[in-house]
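Using my numbering, read the sequence shown as starting at 145 and increasing by one per residue.
All C-beta atoms, glycine included, are put in the ideal place defined by N, C-alpha and C.
Source: prediction; values computed, not measured.
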Amino acid sequence: MSLLIQRPMEVLRGEELSLLPLAPTQKATAQTDNGDDSKSPNHEKGISQGHPSSDQQDRNSVDVNPITGVGTASAVNYRPLTGRERWRLYFKQNFTTVGAYLGVLVGSALDEVEHQPPEWGQDTAGYGQRLVARLGTSVVQGTLQAPACALLGQDPRYIRSGSEKPWSRAGHAFLYSLLTYNNEGKPRLAAATLGSYYASSMIATSWLPARYTPLGDGVRDGNRQVILAGLSNLVQEFWPEIKKILSRK
Numbered sequence: 145m146s147l148l149i150q151r152p153m154e155v156l157r158g159e160e161l162s163l164l165p166l167a168p169t170q171k172a173t174a175q176t177d178n179g180d181d182s183k184s185p186n187h188e189k190g191i192s193q194g195h196p197s198s199d200q201q202d203r204n205s206v207d208v209n210p211i212t213g214v215g216t217a218s219a220v221n222y223r224p225l226t227g228r229e230r231w232r233l234y235f236k237q238n239f240t241t242v243g244a245y246l247g248v249l250v251g252s253a254l255d256e257v258e259h260q261p262p263e264w265g266q267d268t269a270g271y272g273q274r275l276v277a278r279l280g281t282s283v284v285q286g287t288l289q290a291p292a293c294a295l296l297g298q299d300p301r302y303i304r305s306g307s308e309k310p311w312s313r314a315g316h317a318f319l320y321s322l323l324t325y326n327n328e329g330k331p332r333l334a335a336a337t338l339g340s341y342y343a344s345s346m347i348a349t350s351w352l353p354a355r356y357t358p359l360g361d362g363v364r365d366g367n368r369q370v371i372l373a374g375l376s377n378l379v380q381e382f383w384p385e386i387k388k389i390l391s392r393k
């Protein structure tokens, strides 16, 4: 008889306990057991370790090399630039990063050493003129390149090789001073970028001494820009390895 009384009492107590509100830890356990782990720490960790957000992708797409001042994309899993990314890359390549000015400083220093143009002398004023001239050429080149690439659906960035062979990568770097990818990820003649080299060099003769001509000196300087682009691409192609070497020092 006592057993019969005890069993109903245990049932009643179990029902009372089931009606009591769960503690926070019990709720979390219950939700996990029911398959609802959207707020669990592991779930949040999974989100943070998953695919990068759109903002992170935007930042990666418009990263500019600190030495060359040019953006880089990989041939592996290539993704074309959006309109917004093109704008951001334009400002980074031409105004808001160290790389945008490093080439200008080096170019004007070489002009000073070579005494070009000689009409400007080799004093502080002469170097100032050379610096402004190189800066103007750089900004004109970038300003022509950006809309032309957008219009033709071409990428203004350097496309890094997917190969692991050093010689193949070096050849790719020089080849892609003439080529780029279109919006479909297919290699095309970099008409917009090449055109911006020659057009900016020809325009730059307007602020050089009168003896400089667009079709003579302008085209010659355009050729120089193409060669320098190949050397710049070498730096960008092997930049991951260069960074590792620099980080050890």
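- Buried or exposed by the 16-neighbour rule on C-beta atoms within 10 Å, applied to K388: Sequence index remark: in the sequence shown, residue 388 carries index 244 (1-based). Here K388 is exposed: its Cβ has fewer than 16 other Cβ atoms, across all protein chains shown, within 10 Å.
- Query: Of the choices F239, V257, E385 and C293, whose alpha-carbon is the least far from that of G280?
  - Reply: Numbered from its first residue, the sequence shown carries residue 280 at position 136. If we check each option's Cα against that of G280, F239 comes out closest.
- So R301 packs on V214, CB below 8 Å; how close in whole Å? Numbered from its first residue, the sequence shown carries residue 301 at position 157. Numbered from its first residue, the sequence shown carries residue 214 at position 70. Going by Cβ atoms, the distance from R301 to V214 rounds to 7 Å, so yes, they are a contact pair.
- Query: Run through DSSP, which three-state label would G260 get?
  - Reply: Stepping through the sequence shown from its first residue, residue 260 is reached at position 116. Looking at the sequence itself, residue 260 is Gln, so the reference to Gly does not match. Secondary structure at Q260: coil, using DSSP grouped into helix, strand and coil.
- Going by the CB atoms, is the gap between W264 and P358 shorter than 9 Å? Walking along the sequence shown from the start, residue 358 turns up at place 214. Walking along the sequence shown from the start, residue 264 turns up at place 120. Judged by beta-carbon spacing, W264 lies beyond the 9 Å limit of P358, meaning their Cβ atoms are not closer than that value.
- Query: Under the rule that 16 or more other beta-carbon atoms within 10 Å means buried, what is N327, buried or exposed?
  - Reply: Position 183 of the sequence shown, counted from the first residue, corresponds to residue 327. That one is exposed.
- Where do the ends of the alpha helix (DSSP H) carrying P331 lie? For the purposes of this step, residue 331 is taken as the residue at position 187 of the sequence shown. Premise fails: P331 lies in the beta strand (DSSP E), P331 to L333, not in any alpha helix (DSSP H).
- Message: Give me, in chain order, the residues of the same chain whose beta-carbon lies closer than 6 Å to that of S252; leave out the 5 immediate sequence neighbours on both sides.
- Response: Numbered from 1 along the sequence shown, position 108 holds the residue referred to as residue 252. These residues qualify, in order along the chain: R274, L275 and R278.
- Could you give the DSSP three-state label for G227: helix, strand or coil? Mapped onto the sequence shown, residue 227 falls at position 83. In the three-state scheme derived from DSSP, where H, G and I count as helix and E and B as strand, G227 is classed as helix.
- Task: Grab me the residues of D255's own chain with a C-beta within less than 6 Å of its C-beta, minus the 5 sequence neighbours each way, in chain order.
- Result: Numbered from its first residue, the sequence shown carries residue 255 at position 111. Taken in chain order, the residues that qualify are R274.
- Task: Find the nearest neighbour of S218 within the set E258, G247 and D299, judged by alpha-carbon distance.
- Result: Start at 1 with the first residue of the sequence shown, and residue 218 comes out as number 74. The shortest CA-to-CA distance from S218 to any of E258, G247 and D299 is the one to D299.
- Message: With H, G and I counted as helix, E and B as strand and the rest as coil, what does DSSP make of Q266?
- Response: Taking the first residue of the sequence shown as 1, we reach residue 266 at position 122. The DSSP-derived three-state label of Q266 is coil.
- Report the three-state DSSP secondary structure of A314 (helix, strand or coil). On the sequence shown, position 170 is the one that residue 314 refers to. In the three-state reduction of the DSSP assignment, A314 falls in the helix class.
- Item | Per-residue DSSP class, three states only, for S376 | Numbered from its first residue, the sequence shown carries residue 376 at position 232. It is helical.
- What residues are listed by DSSP as bridge partners for V208? Position 64 of the sequence shown holds residue 208. G215, per the DSSP bridge assignment.
- Item | Alpha-carbon spacing of T324 relative to K236, whole angstroms | Counted from its first residue, the sequence shown places residue 324 at position 180. Counted from its first residue, the sequence shown places residue 236 at position 92. So the two alpha carbons sit approximately 19 Å from each other.
- Query: Does DSSP put L352 in a helix, in a strand, or in coil?
  - Reply: Walking along the sequence shown from the start, residue 352 turns up at place 208. In the structure shown, L352 falls within a coil segment according to DSSP collapsed to helix, strand and coil.
- Query: Going straight from the alpha carbon of A269 to that of G366, what length do you get?
  - Reply: The residue given as residue 269 occupies position 125 in the sequence shown. The residue given as residue 366 occupies position 222 in the sequence shown. Going by the C-alpha atoms only, they are around 26 Å apart.
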